[in-house]
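What follows is a set of notes on a single structure, which appears directly below.
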Amino acid sequence: MENKPTSLRQRIPNEKRQECLKLFEQGYGYKKTAQLAGLNTYTVREYKRKFAAGDMSWADRGGKVLSV
């Protein structure tokens, strides 16, 4: 019997989330950030929207944000 994944979506590693955070703090937009981080543009756009609203819950799924 083969183990099937419960979700087809891949989790974004915390390192990539932190990379996005640092790029946002440096003033990069979501398109350039997505390109530099190697992530999907739409995913990074959502991160940018939350960042702009002051919501850092996306930045580290472990519960701590390394920089703000």
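Under the working numbering, the letters of the sequence shown match residues 71 to 138, in that order. Cβ atoms here follow ideal geometry from the backbone N, Cα and C, with glycine treated the same way. Since we're looking at a predicted model, the values are computed, not measured.
DSSP places Asn110 outside both helix and strand once states are collapsed to three, so it counts as coil. In this structure, DSSP gives Gln105 a helical state, which the three-state scheme calls helix. Within the same chain, Ile82, Ala104 come within 8 angstroms of Thr113 by CB-CB distance, once the 5 residues on both sides are set aside.
Judged by beta-carbon spacing, Tyr100 lies beyond the 9 angstroms limit of Arg87, meaning their Cβ atoms are not closer than that value.
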